[in-house]
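One structure below.
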Amino acid sequence: MESTALNINTPSIFKTDNVLKDDVTNIFQNLKIEFNELHEHSGPLTISKFHPKCIDIALKLIEEKKIEEAFKVFLFTSQLLNIDTLHPFCNLHEAIDIGKKTQLNPNFGAHFSGLGGSIVKGGHIRADIRNLRGINSYCLQLKLNDFARTDLKMVIECIEKNPDSFEKIFSQQFPLGISITFEPFKFYQKSNIDDTFDYAKGLKLECDEAVQIHFNGLGKINMGNNPKNLCLYNNIDIELDAHLIKEDVLFSLNSMLCSLGLGAVTTLHGKEEEERIKTAKIFRTYFPIEATQLEMTREYFFMKPSKIRPMLEKSTPEMTAIFKKYLDDRSRLLKKKSVYPGKEIWSIKDFHEQLRQNGAVGLQFAILGNPKESAGRIALMLKTGALSTQDRFQASIIKMGISSCSDLKTGGGESVFARLVSKNNITKLSTSTNYTMLFDLAILNRGGYAYKEDCYGNKNPRDLNYSNRQNLIEFTKCLTEKEIFNEVMIKNYIPPKFIKGILVLTEEFKDYLIPFLTNEGAIQNGCINKINCHDFIKVAKNFKPSMWD
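Just so you know, we're using our numbering here: the sequence shown kicks off at 6 and counts up by one.
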(Lines of atoms letter the chains of each structure in order from A and count residues from 1; the text may use other names and numbers.)
(Lines give C-alpha, C1' and ligand atoms only; values in the text may rest on other atoms or scores of the structure.)
Protein backbone atom coordinates (compact mmCIF):
# COMPACT_ATOMS: atom_id res chain seq x y z
CA MET A 1 0.00 0.00 0.00
CA GLU A 2 1.48 3.32 -1.07
CA SER A 3 0.30 6.86 -0.60
CA THR A 4 1.31 10.34 -1.63
CA ALA A 5 2.25 13.11 0.78
CA LEU A 6 -0.61 14.66 2.72
CA ASN A 7 -1.29 18.33 2.17
CA ILE A 8 -3.33 20.02 4.87
CA ASN A 9 -4.50 23.57 4.32
CA THR A 10 -4.70 25.71 7.43
CA PRO A 11 -8.38 26.25 8.32
CA SER A 12 -9.51 29.85 8.69
CA ILE A 13 -10.03 29.33 12.41
CA PHE A 14 -6.25 29.44 12.85
CA LYS A 15 -5.72 32.64 10.86
CA THR A 16 -5.55 35.10 13.75
CA ASP A 17 -2.92 37.54 12.50
CA ASN A 18 -5.57 40.07 11.53
CA VAL A 19 -7.14 39.86 14.96
CA LEU A 20 -3.85 40.72 16.64
CA LYS A 21 -3.38 43.78 14.46
CA ASP A 22 -6.41 45.19 16.26
CA ASP A 23 -6.15 46.97 19.56
CA VAL A 24 -5.96 44.45 22.40
CA THR A 25 -9.10 46.03 23.83
CA ASN A 26 -10.95 45.04 20.66
CA ILE A 27 -9.98 41.38 20.87
CA PHE A 28 -12.63 40.54 23.44
CA GLN A 29 -15.22 42.60 21.61
CA ASN A 30 -14.49 40.63 18.43
CA LEU A 31 -14.54 37.31 20.30
CA LYS A 32 -17.90 38.06 21.89
CA ILE A 33 -19.42 39.14 18.59
CA GLU A 34 -18.16 36.03 16.81
CA PHE A 35 -19.29 33.77 19.65
CA ASN A 36 -22.79 35.28 19.63
CA GLU A 37 -23.01 34.86 15.85
CA LEU A 38 -21.97 31.21 16.09
CA HIS A 39 -24.39 30.62 18.94
CA GLU A 40 -27.24 32.20 16.98
CA HIS A 41 -26.66 30.05 13.89
CA SER A 42 -25.70 26.82 15.66
CA GLY A 43 -28.14 26.80 18.55
CA PRO A 44 -26.82 25.77 21.99
CA LEU A 45 -23.06 25.91 21.70
CA THR A 46 -20.36 24.46 23.92
CA ILE A 47 -16.88 25.84 24.15
CA SER A 48 -15.47 23.08 21.92
CA LYS A 49 -16.87 24.91 18.89
CA PHE A 50 -15.11 28.12 19.85
CA HIS A 51 -12.22 26.97 22.00
CA PRO A 52 -9.55 26.60 19.25
CA LYS A 53 -9.82 30.21 18.15
CA CYS A 54 -9.64 31.52 21.71
CA ILE A 55 -6.60 29.41 22.53
CA ASP A 56 -4.83 30.35 19.33
CA ILE A 57 -5.37 34.03 20.10
CA ALA A 58 -4.12 33.56 23.67
CA LEU A 59 -0.96 31.80 22.47
CA LYS A 60 -0.32 34.57 19.94
CA LEU A 61 -0.70 37.12 22.74
CA ILE A 62 1.82 35.22 24.86
CA GLU A 63 4.27 35.32 21.94
CA GLU A 64 3.64 39.08 21.70
CA LYS A 65 4.41 39.40 25.46
CA LYS A 66 0.86 40.62 26.10
CA ILE A 67 0.56 38.34 29.09
CA GLU A 68 -2.41 39.79 30.99
CA GLU A 69 -4.43 39.95 27.78
CA ALA A 70 -3.66 36.27 27.13
CA PHE A 71 -4.86 35.35 30.62
CA LYS A 72 -8.02 37.39 30.00
CA VAL A 73 -8.75 35.23 26.95
CA PHE A 74 -8.42 32.10 29.12
CA LEU A 75 -10.79 33.71 31.63
CA PHE A 76 -13.19 34.50 28.79
CA THR A 77 -13.31 30.82 27.79
CA SER A 78 -14.33 29.84 31.34
CA GLN A 79 -17.49 31.92 30.93
CA LEU A 80 -18.64 30.15 27.76
CA LEU A 81 -19.34 26.69 29.13
CA ASN A 82 -22.87 25.57 28.29
CA ILE A 83 -23.64 22.26 30.00
CA ASP A 84 -26.98 20.50 30.01
CA THR A 85 -28.18 18.16 32.75
CA LEU A 86 -27.15 15.10 30.72
CA HIS A 87 -23.47 15.89 31.19
CA PRO A 88 -21.89 13.14 33.34
CA PHE A 89 -20.03 15.68 35.45
CA CYS A 90 -23.16 17.58 36.50
CA ASN A 91 -23.33 15.09 39.37
CA LEU A 92 -19.79 13.77 39.35
CA HIS A 93 -20.06 11.89 42.65
CA GLU A 94 -23.06 9.88 41.49
CA ALA A 95 -21.58 9.30 38.02
CA ILE A 96 -18.40 7.87 39.56
CA ASP A 97 -20.33 5.63 41.97
CA ILE A 98 -22.41 4.22 39.12
CA GLY A 99 -19.41 3.81 36.82
CA LYS A 100 -17.29 1.96 39.39
CA LYS A 101 -20.06 -0.55 40.05
CA THR A 102 -19.92 -1.67 36.41
CA GLN A 103 -16.21 -2.59 36.59
CA LEU A 104 -14.81 -6.04 37.31
CA ASN A 105 -12.57 -4.33 39.87
CA PRO A 106 -13.68 -1.06 41.55
CA ASN A 107 -10.04 0.10 41.51
CA PHE A 108 -10.45 0.54 37.75
CA GLY A 109 -12.53 3.64 38.49
CA ALA A 110 -15.33 5.05 36.33
CA HIS A 111 -14.77 5.69 32.64
CA PHE A 112 -16.38 8.30 30.40
CA SER A 113 -16.21 8.71 26.62
CA GLY A 114 -17.11 11.43 24.14
CA LEU A 115 -15.45 14.28 26.05
CA GLY A 116 -12.67 16.76 25.45
CA GLY A 117 -13.26 18.24 22.03
CA SER A 118 -10.16 17.87 19.89
CA ILE A 119 -7.63 18.03 22.70
CA VAL A 120 -8.32 14.84 24.73
CA LYS A 121 -6.92 11.68 23.15
CA GLY A 122 -9.78 9.38 22.18
CA GLY A 123 -12.25 11.52 24.14
CA HIS A 124 -11.70 9.36 27.26
CA ILE A 125 -11.58 10.42 30.91
CA ARG A 126 -11.10 8.13 33.92
CA ALA A 127 -12.52 9.29 37.26
CA ASP A 128 -12.47 8.09 40.86
CA ILE A 129 -13.08 9.32 44.41
CA ARG A 130 -10.09 8.80 46.68
CA ASN A 131 -9.17 9.62 50.25
CA LEU A 132 -5.98 11.65 49.81
CA ARG A 133 -4.26 12.90 52.92
CA GLY A 134 -7.52 12.52 54.87
CA ILE A 135 -9.57 14.48 52.31
CA ASN A 136 -11.95 12.92 49.79
CA SER A 137 -10.99 14.10 46.32
CA TYR A 138 -12.26 13.62 42.80
CA CYS A 139 -9.39 12.22 40.74
CA LEU A 140 -9.58 12.51 36.95
CA GLN A 141 -7.08 11.17 34.43
CA LEU A 142 -6.85 11.87 30.70
CA LYS A 143 -4.34 12.11 27.88
CA LEU A 144 -3.82 15.15 25.69
CA ASN A 145 -3.15 15.02 21.99
CA ASP A 146 0.42 16.07 21.20
CA PHE A 147 -0.37 19.57 19.96
CA ALA A 148 -2.42 20.33 23.09
CA ARG A 149 0.44 19.21 25.37
CA THR A 150 2.81 21.49 23.45
CA ASP A 151 0.40 24.39 24.01
CA LEU A 152 0.09 23.53 27.70
CA LYS A 153 3.87 23.62 28.15
CA MET A 154 3.90 27.15 26.77
CA VAL A 155 1.07 28.23 29.09
CA ILE A 156 2.66 26.75 32.22
CA GLU A 157 5.99 28.44 31.47
CA CYS A 158 4.12 31.73 31.02
CA ILE A 159 2.30 31.36 34.37
CA GLU A 160 5.54 30.42 36.11
CA LYS A 161 7.21 33.59 34.84
CA ASN A 162 4.19 35.84 35.44
CA PRO A 163 2.45 34.64 38.64
CA ASP A 164 1.29 38.11 39.68
CA SER A 165 -0.46 38.72 36.36
CA PHE A 166 -2.13 35.31 36.55
CA GLU A 167 -3.40 35.84 40.11
CA LYS A 168 -4.62 39.31 39.21
CA ILE A 169 -6.79 38.05 36.33
CA PHE A 170 -8.04 34.92 38.16
CA SER A 171 -8.41 36.47 41.63
CA GLN A 172 -12.12 35.64 41.87
CA GLN A 173 -11.74 32.07 40.60
CA PHE A 174 -8.73 31.29 42.82
CA PRO A 175 -8.83 33.66 45.82
CA LEU A 176 -6.20 31.61 47.68
CA GLY A 177 -3.83 31.79 44.72
CA ILE A 178 -1.84 29.09 42.94
CA SER A 179 1.66 27.66 43.07
CA ILE A 180 3.74 25.51 40.73
CA THR A 181 6.09 22.83 42.04
CA PHE A 182 8.38 20.23 40.48
CA GLU A 183 9.12 16.84 42.02
CA PRO A 184 9.68 13.20 41.03
CA PHE A 185 6.70 11.59 39.31
CA LYS A 186 4.74 9.30 41.63
CA PHE A 187 1.80 6.93 41.48
CA TYR A 188 -0.43 6.66 44.56
CA GLN A 189 -0.18 3.58 46.77
CA LYS A 190 -3.50 2.28 48.12
CA SER A 191 -3.53 1.15 51.74
CA ASN A 192 -4.73 -2.39 52.41
CA ILE A 193 -5.98 -1.31 55.83
CA ASP A 194 -8.29 1.68 55.38
CA ASP A 195 -8.57 2.28 51.60
CA THR A 196 -6.70 5.58 51.79
CA PHE A 197 -4.24 6.58 49.06
CA ASP A 198 -0.74 7.69 49.96
CA TYR A 199 1.29 9.78 47.53
CA ALA A 200 4.45 9.78 49.67
CA LYS A 201 4.55 5.98 49.82
CA GLY A 202 3.62 5.53 46.19
CA LEU A 203 5.83 4.39 43.36
CA LYS A 204 8.40 7.13 42.80
CA LEU A 205 10.11 7.51 39.42
CA GLU A 206 13.25 9.40 40.46
CA CYS A 207 14.44 10.07 36.92
CA ASP A 208 11.09 11.49 35.75
CA GLU A 209 9.94 14.88 36.95
CA ALA A 210 6.32 15.93 37.41
CA VAL A 211 5.00 19.48 37.29
CA GLN A 212 2.14 20.25 39.68
CA ILE A 213 -0.14 23.28 39.52
CA HIS A 214 -1.72 23.76 42.95
CA PHE A 215 -5.01 25.66 43.01
CA ASN A 216 -5.03 26.39 46.71
CA GLY A 217 -8.28 25.38 48.40
CA LEU A 218 -9.58 23.56 45.30
CA GLY A 219 -7.13 20.92 44.08
CA LYS A 220 -4.23 20.46 41.71
CA ILE A 221 -3.30 19.38 38.20
CA ASN A 222 -0.33 17.07 37.80
CA MET A 223 1.52 15.91 34.66
CA GLY A 224 4.84 14.50 33.55
CA ASN A 225 7.49 17.07 32.72
CA ASN A 226 9.84 14.86 30.71
CA PRO A 227 8.95 14.71 26.99
CA LYS A 228 11.09 11.58 26.67
CA ASN A 229 8.72 9.65 28.95
CA LEU A 230 6.05 8.94 26.35
CA CYS A 231 3.42 7.52 28.70
CA LEU A 232 3.58 10.23 31.36
CA TYR A 233 4.23 13.46 29.46
CA ASN A 234 0.79 13.75 27.84
CA ASN A 235 -1.00 12.27 30.84
CA ILE A 236 -2.96 14.74 33.00
CA ASP A 237 -4.03 13.96 36.58
CA ILE A 238 -6.60 16.27 38.17
CA GLU A 239 -7.51 16.35 41.86
CA LEU A 240 -10.52 18.32 43.07
CA ASP A 241 -11.94 18.62 46.59
CA ALA A 242 -14.94 16.25 46.75
CA HIS A 243 -16.56 18.29 49.55
CA LEU A 244 -17.59 21.01 47.10
CA ILE A 245 -21.35 21.28 46.69
CA LYS A 246 -22.64 19.56 43.56
CA GLU A 247 -23.26 22.81 41.66
CA ASP A 248 -19.69 24.02 42.26
CA VAL A 249 -17.85 20.89 41.11
CA LEU A 250 -18.13 21.44 37.38
CA PHE A 251 -17.65 25.19 37.74
CA SER A 252 -14.43 24.73 39.75
CA LEU A 253 -13.13 22.01 37.45
CA ASN A 254 -13.85 24.18 34.42
CA SER A 255 -12.12 27.21 35.98
CA MET A 256 -8.97 25.22 36.74
CA LEU A 257 -8.82 23.81 33.22
CA CYS A 258 -9.65 27.05 31.41
CA SER A 259 -6.92 28.91 33.28
CA LEU A 260 -4.45 26.56 31.55
CA GLY A 261 -6.12 26.73 28.15
CA LEU A 262 -7.76 23.31 28.59
CA GLY A 263 -11.40 24.39 28.73
CA ALA A 264 -12.44 21.94 26.01
CA VAL A 265 -11.72 18.99 28.34
CA THR A 266 -15.19 19.16 29.91
CA THR A 267 -17.16 19.49 26.69
CA LEU A 268 -19.18 16.76 25.01
CA HIS A 269 -18.34 15.51 21.53
CA GLY A 270 -20.60 16.48 18.70
CA LYS A 271 -21.30 14.48 15.57
CA GLU A 272 -18.31 15.97 13.72
CA GLU A 273 -15.85 14.94 16.42
CA GLU A 274 -17.11 11.35 16.42
CA GLU A 275 -16.89 11.22 12.62
CA ARG A 276 -13.28 12.42 12.77
CA ILE A 277 -12.40 9.73 15.33
CA LYS A 278 -14.06 7.03 13.19
CA THR A 279 -12.28 8.15 10.05
CA ALA A 280 -8.94 8.31 11.87
CA LYS A 281 -9.42 4.83 13.34
CA ILE A 282 -9.93 3.26 9.93
CA PHE A 283 -7.05 5.16 8.31
CA ARG A 284 -4.68 4.33 11.19
CA THR A 285 -5.55 0.63 10.95
CA TYR A 286 -4.54 0.32 7.30
CA PHE A 287 -1.99 3.14 6.91
CA PRO A 288 -0.34 3.62 10.32
CA ILE A 289 2.71 5.50 9.03
CA GLU A 290 0.67 8.15 7.23
CA ALA A 291 -1.81 8.36 10.12
CA THR A 292 0.98 9.07 12.60
CA GLN A 293 2.28 11.90 10.43
CA LEU A 294 -1.22 13.32 10.17
CA GLU A 295 -1.99 13.10 13.88
CA MET A 296 1.18 15.01 14.76
CA THR A 297 -0.27 18.14 13.10
CA ARG A 298 -2.50 20.62 14.89
CA GLU A 299 -4.60 21.42 11.83
CA TYR A 300 -5.88 17.88 11.36
CA PHE A 301 -7.78 17.93 14.65
CA PHE A 302 -9.87 20.90 13.56
CA MET A 303 -10.65 19.87 10.00
CA LYS A 304 -14.22 18.96 9.14
CA PRO A 305 -14.69 15.22 8.51
CA SER A 306 -16.27 16.10 5.19
CA LYS A 307 -12.85 17.43 4.13
CA ILE A 308 -10.70 14.78 5.81
CA ARG A 309 -12.09 11.82 3.90
CA PRO A 310 -11.59 13.31 0.39
CA MET A 311 -8.08 14.43 1.39
CA LEU A 312 -7.14 10.92 2.52
CA GLU A 313 -8.71 9.28 -0.54
CA LYS A 314 -6.70 11.60 -2.78
CA SER A 315 -3.38 10.93 -1.04
CA THR A 316 -4.09 7.22 -0.50
CA PRO A 317 -6.42 5.92 -3.27
CA GLU A 318 -6.82 2.51 -1.58
CA MET A 319 -8.78 4.24 1.18
CA THR A 320 -11.72 4.95 -1.15
CA ALA A 321 -12.90 1.33 -1.07
CA ILE A 322 -11.97 0.90 2.60
CA PHE A 323 -13.95 3.96 3.70
CA LYS A 324 -16.89 2.85 1.60
CA LYS A 325 -16.81 -0.57 3.28
CA TYR A 326 -16.77 0.75 6.84
CA LEU A 327 -18.41 4.18 6.69
CA ASP A 328 -21.35 3.30 4.47
CA ASP A 329 -24.66 3.96 6.26
CA ARG A 330 -25.57 0.29 5.88
CA SER A 331 -22.26 -1.04 7.15
CA ARG A 332 -22.38 -3.04 10.36
CA LEU A 333 -18.65 -3.68 10.41
CA LEU A 334 -17.63 -0.63 12.47
CA LYS A 335 -19.03 -0.77 15.98
CA LYS A 336 -18.38 0.86 19.32
CA LYS A 337 -16.94 -1.59 21.84
CA SER A 338 -15.99 -1.13 25.48
CA VAL A 339 -12.39 -1.33 26.61
CA TYR A 340 -13.70 -0.85 30.14
CA PRO A 341 -17.41 -0.23 30.77
CA GLY A 342 -17.81 3.44 29.86
CA LYS A 343 -14.61 3.66 27.81
CA GLU A 344 -15.78 3.10 24.26
CA ILE A 345 -13.73 2.91 21.08
CA TRP A 346 -14.50 2.09 17.46
CA SER A 347 -13.82 -1.54 16.59
CA ILE A 348 -13.50 -3.09 13.11
CA LYS A 349 -15.63 -6.20 13.39
CA ASP A 350 -14.00 -8.32 10.67
CA PHE A 351 -10.36 -7.31 11.21
CA HIS A 352 -9.37 -10.54 12.99
CA GLU A 353 -10.77 -12.48 10.03
CA GLN A 354 -8.48 -10.51 7.71
CA LEU A 355 -5.54 -11.38 9.96
CA ARG A 356 -6.52 -15.05 9.94
CA GLN A 357 -6.74 -15.02 6.13
CA ASN A 358 -3.14 -13.80 6.09
CA GLY A 359 -1.82 -16.53 8.38
CA ALA A 360 -2.57 -15.40 11.94
CA VAL A 361 -3.53 -18.16 14.40
CA GLY A 362 -3.76 -16.45 17.78
CA LEU A 363 -1.96 -14.50 20.49
CA GLN A 364 0.05 -15.94 23.36
CA PHE A 365 1.15 -14.37 26.63
CA ALA A 366 3.88 -15.91 28.82
CA ILE A 367 3.22 -15.86 32.57
CA LEU A 368 6.57 -15.33 34.29
CA GLY A 369 7.60 -16.21 37.83
CA ASN A 370 7.56 -19.28 40.04
CA PRO A 371 4.49 -21.57 39.87
CA LYS A 372 2.77 -20.09 42.93
CA GLU A 373 3.26 -16.45 41.91
CA SER A 374 2.23 -17.26 38.34
CA ALA A 375 -0.93 -19.01 39.52
CA GLY A 376 -1.91 -15.88 41.45
CA ARG A 377 -1.48 -13.74 38.33
CA ILE A 378 -3.56 -16.17 36.30
CA ALA A 379 -6.38 -16.09 38.86
CA LEU A 380 -6.41 -12.29 38.80
CA MET A 381 -6.40 -12.13 34.99
CA LEU A 382 -9.22 -14.66 34.71
CA LYS A 383 -11.33 -12.60 37.10
CA THR A 384 -10.50 -9.04 36.08
CA GLY A 385 -8.46 -9.19 32.85
CA ALA A 386 -4.93 -8.19 31.81
CA LEU A 387 -3.91 -4.57 32.46
CA SER A 388 -1.13 -2.51 30.93
CA THR A 389 1.53 -1.10 33.26
CA GLN A 390 0.10 2.42 33.12
CA ASP A 391 -3.51 1.33 33.69
CA ARG A 392 -2.36 -0.83 36.59
CA PHE A 393 -0.37 1.97 38.23
CA GLN A 394 -3.14 4.54 37.69
CA ALA A 395 -5.50 2.18 39.50
CA SER A 396 -2.91 2.12 42.34
CA ILE A 397 -2.24 -1.56 41.69
CA ILE A 398 1.52 -1.20 42.05
CA LYS A 399 2.75 -4.52 40.68
CA MET A 400 5.99 -4.33 38.71
CA GLY A 401 6.49 -6.24 35.48
CA ILE A 402 9.83 -7.20 33.93
CA SER A 403 10.38 -3.78 32.34
CA SER A 404 7.55 -1.57 33.65
CA CYS A 405 9.61 1.62 34.01
CA SER A 406 11.26 1.16 30.60
CA ASP A 407 7.85 0.54 29.03
CA LEU A 408 6.52 3.81 30.47
CA LYS A 409 9.39 5.66 28.81
CA THR A 410 8.95 4.05 25.39
CA GLY A 411 5.16 4.47 25.34
CA GLY A 412 4.64 0.73 25.51
CA GLY A 413 3.52 1.06 29.11
CA GLU A 414 -0.03 1.87 28.00
CA SER A 415 -0.31 -1.53 26.26
CA VAL A 416 -0.58 -5.19 27.15
CA PHE A 417 2.19 -7.13 25.38
CA ALA A 418 1.47 -10.39 23.55
CA ARG A 419 3.11 -12.51 20.85
CA LEU A 420 1.55 -13.39 17.51
CA VAL A 421 1.40 -17.06 16.58
CA SER A 422 1.09 -17.53 12.82
CA LYS A 423 1.15 -20.42 10.39
CA ASN A 424 4.70 -19.38 9.53
CA ASN A 425 6.19 -19.50 13.02
CA ILE A 426 3.95 -21.93 14.94
CA THR A 427 6.28 -24.91 14.47
CA LYS A 428 9.24 -22.95 15.85
CA LEU A 429 7.40 -21.54 18.87
CA SER A 430 7.26 -23.38 22.16
CA THR A 431 6.12 -22.56 25.66
CA SER A 432 9.13 -21.34 27.63
CA THR A 433 7.38 -20.69 30.95
CA ASN A 434 5.38 -22.80 33.38
CA TYR A 435 2.13 -21.21 32.22
CA THR A 436 1.12 -19.55 28.95
CA MET A 437 -2.15 -17.73 28.33
CA LEU A 438 -3.87 -17.68 24.93
CA PHE A 439 -5.70 -14.57 23.70
CA ASP A 440 -8.36 -14.39 21.01
CA LEU A 441 -7.32 -12.61 17.78
CA ALA A 442 -10.59 -10.67 17.99
CA ILE A 443 -9.00 -8.37 20.59
CA LEU A 444 -7.10 -6.82 17.65
CA ASN A 445 -10.37 -5.56 16.17
CA ARG A 446 -9.78 -2.68 18.59
CA GLY A 447 -6.41 -1.96 16.98
CA GLY A 448 -2.77 -2.35 17.97
CA TYR A 449 0.75 -2.30 16.58
CA ALA A 450 3.57 -4.83 16.38
CA TYR A 451 7.29 -5.41 15.90
CA LYS A 452 9.16 -8.48 14.67
CA GLU A 453 11.48 -8.32 17.68
CA ASP A 454 11.45 -6.93 21.20
CA CYS A 455 11.40 -3.11 21.05
CA TYR A 456 9.79 -2.46 24.46
CA GLY A 457 6.63 -1.42 22.64
CA ASN A 458 8.35 1.75 21.38
CA LYS A 459 5.72 4.33 20.45
CA ASN A 460 7.91 7.33 19.71
CA PRO A 461 6.58 8.81 16.43
CA ARG A 462 10.08 10.08 15.66
CA ASP A 463 11.67 6.66 16.15
CA LEU A 464 12.28 4.60 13.01
CA ASN A 465 10.67 1.48 14.50
CA TYR A 466 7.33 3.17 15.12
CA SER A 467 7.35 5.63 12.22
CA ASN A 468 8.05 2.80 9.74
CA ARG A 469 5.85 0.12 11.29
CA GLN A 470 3.67 -2.10 9.12
CA ASN A 471 -0.05 -2.41 9.61
CA LEU A 472 -1.03 -5.61 11.38
CA ILE A 473 -2.12 -7.35 8.17
CA GLU A 474 1.22 -6.71 6.45
CA PHE A 475 3.04 -7.62 9.66
CA THR A 476 1.22 -10.96 9.82
CA LYS A 477 1.76 -11.67 6.14
CA CYS A 478 5.52 -11.02 6.34
CA LEU A 479 6.15 -12.85 9.63
CA THR A 480 8.65 -15.69 9.16
CA GLU A 481 9.56 -18.74 11.22
CA LYS A 482 12.52 -16.80 12.61
CA GLU A 483 10.35 -14.11 14.22
CA ILE A 484 9.45 -16.04 17.35
CA PHE A 485 10.21 -13.06 19.62
CA ASN A 486 7.77 -10.68 17.96
CA GLU A 487 5.66 -8.40 20.13
CA VAL A 488 2.09 -7.17 19.64
CA MET A 489 0.79 -4.26 21.71
CA ILE A 490 -2.90 -4.08 22.70
CA LYS A 491 -3.84 -0.77 24.32
CA ASN A 492 -4.91 -0.52 27.96
CA TYR A 493 -6.63 -3.74 28.87
CA ILE A 494 -7.74 -7.19 27.74
CA PRO A 495 -11.01 -8.35 29.37
CA PRO A 496 -11.28 -11.98 30.60
CA LYS A 497 -13.67 -12.95 27.80
CA PHE A 498 -10.77 -12.78 25.31
CA ILE A 499 -8.77 -15.45 27.16
CA LYS A 500 -9.10 -18.65 25.09
CA GLY A 501 -7.04 -21.08 27.14
CA ILE A 502 -4.05 -21.79 29.37
CA LEU A 503 -1.09 -24.04 28.56
CA VAL A 504 0.95 -25.68 31.33
CA LEU A 505 4.24 -27.52 30.96
CA THR A 506 3.41 -30.57 33.10
CA GLU A 507 0.49 -32.50 34.58
CA GLU A 508 1.89 -31.58 37.98
CA PHE A 509 1.39 -27.87 37.25
CA LYS A 510 -2.14 -28.54 36.02
CA ASP A 511 -2.96 -30.54 39.15
CA TYR A 512 -1.75 -27.58 41.23
CA LEU A 513 -3.45 -24.88 39.14
CA ILE A 514 -7.03 -26.21 39.00
CA PRO A 515 -7.67 -26.40 42.77
CA PHE A 516 -5.84 -23.09 43.25
CA LEU A 517 -8.03 -21.30 40.68
CA THR A 518 -11.14 -22.94 42.13
CA ASN A 519 -10.25 -21.69 45.60
CA GLU A 520 -9.64 -18.18 44.19
CA GLY A 521 -13.04 -18.14 42.47
CA ALA A 522 -11.55 -18.08 38.96
CA ILE A 523 -13.13 -21.46 38.22
CA GLN A 524 -16.91 -21.51 38.67
CA ASN A 525 -18.84 -24.79 38.56
CA GLY A 526 -15.79 -26.46 37.04
CA CYS A 527 -15.65 -23.99 34.12
CA ILE A 528 -13.61 -21.04 32.87
CA ASN A 529 -15.37 -18.79 30.34
CA LYS A 530 -18.09 -21.47 30.07
CA ILE A 531 -15.51 -24.14 29.07
CA ASN A 532 -14.70 -27.14 31.25
CA CYS A 533 -11.52 -26.27 33.14
CA HIS A 534 -9.82 -29.53 32.09
CA ASP A 535 -10.34 -28.57 28.43
CA PHE A 536 -9.46 -24.90 29.04
CA ILE A 537 -6.16 -25.81 30.75
CA LYS A 538 -3.99 -28.03 28.53
CA VAL A 539 -0.64 -29.70 29.10
CA ALA A 540 1.53 -28.82 26.09
CA LYS A 541 4.96 -27.55 25.09
CA ASN A 542 4.06 -26.66 21.51
CA PHE A 543 1.21 -24.71 19.94
CA LYS A 544 -1.54 -26.02 17.67
CA PRO A 545 -4.11 -23.91 15.78
CA SER A 546 -6.93 -25.86 17.43
CA MET A 547 -5.95 -24.41 20.81
CA TRP A 548 -7.64 -21.12 19.82
CA ASP A 549 -10.87 -22.74 18.55
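Note that the Cβ used here is the ideal one computed from N, Cα and C, for glycine as well.
Predicted model only: the values in this text are computed from it and were never measured.
- 8 angstroms or more divides the Cβ of Phe514 from the Cβ of Tyr461.
- Pro93 is classed as buried because its beta carbon has at least 16 other beta carbons within 10 Å across all chains shown.
- Beyond the five residues adjoining it in sequence on each side, Gly222 comes within less than 6 angstroms, by CB distance, of Leu181 in the same chain, given in chain order.
- Residue state for Asp468 is assigned as coil, using DSSP reduced to three classes.
- Asn112 sits close to Ala400, with the two beta carbons spaced by under 8 angstroms.
- Contact check for Leu299 and Tyr291: beta-carbon distance about 13 angstroms, past the 8 angstroms limit, so the pair fails to qualify.
- A distance below 7 angstroms between beta-carbons, with the five flanking residues on each side excluded, links Asp246 to the following residues of its chain, in chain order: Ile140, Ser142, Leu223, Gly224.
- Annotation: Thr325 to Gln475 spans about 20 angstroms, alpha carbon to alpha carbon.
- By DSSP's assignment, Met494 forms a beta bridge with Phe422, Tyr454.
- Note on geometry: alpha-carbon atoms of Tyr204 and Phe190 lie some 10 angstroms from one another.
- Counting the other Cβ atoms within 10 Å of the Cβ of Ile536 gives fewer than 16, which makes it exposed.
- Here DSSP, grouped into helix, strand and coil, assigns Ile243 to strand.
- In the DSSP assignment, Leu332 falls outside any beta strand (DSSP E) and within the unbroken alpha helix (DSSP H) covering 324-332.
- Between Leu522 and Ile327, the C-beta gap is not smaller than 8 angstroms, which leaves the two residues out of contact.
- Less than 8 angstroms divides the Cβ of Ala365 from the Cβ of Leu446.
- Counting only runs of at least 3 residues, the region 358-383 fully encloses the following beta strand (DSSP E) elements, listed from N- to C-terminal order: 365-372.
- Annotated as proximal: Phe490 and Glu458, with beta-carbon spacing under 8 angstroms.
- DSSP places Gly139 in the coil class of the three-state scheme, outside both helix and strand.
- About 7 angstroms separates the Cβ atoms of Leu120 and Thr271, confirming a contact at the 8 angstroms cut-off.
- The three-state secondary structure of Glu304, taken from DSSP, is helix.
- Annotation note: the region 388-417 contains the following uninterrupted alpha helix (DSSP H) runs of length 4 or greater, listed N- to C-terminal: 394-399, 409-415.
- For Asn227, the enclosing beta strand (DSSP E) stretches over residues 224-229.
- By the CB criterion at 8 angstroms, Thr302 and Asn110 fall outside the cutoff.
- Between the C-alpha atoms of Tyr471 and Ser260 there is a straight-line separation of about 37 angstroms.
- Your pair Pro520 and Leu387 does not check out as a contact, with CB atoms roughly 14 angstroms apart and the cut at 8 angstroms.
- In terms of Cβ geometry, Lys354 and Leu368 do not form a close pair [threshold 8 angstroms].
- Exclusion of the five residues before and after Lys428 leaves Gly364, Val366 as the residues of its chain whose Cβ lies within less than 7 angstroms of its Cβ.
- Burial check for Leu317: the Cβ neighbour count within 10 Å reaches 16 or more, so the residue is buried.
- In the same chain as Ile164, and ignoring 5 residues on each side of it, the C-beta atoms closer than 6 angstroms to its own belong to Phe171, in chain order.
- Nearest to Val426 by C-alpha distance, out of Glu488, Pro315, Ser411, Leu273, is Glu488.
- CA-CA distance, Phe370 to Lys126, rounds to 28 angstroms.
- Listed in chain order, the non-local C-beta contacts of Leu249 below 7 angstroms within the same chain comprise Ser257, local neighbours out to five positions each way being set aside.
- Contact annotation: Asp213 and Asn239 have beta-carbon atoms that are not nearer than 8 angstroms.
- In the DSSP assignment, Pro520 falls within the alpha helix (DSSP H) that extends over 512-524.
- Nearest to Asp133 by alpha-carbon distance, out of Thr481, Phe187, His116, is His116.
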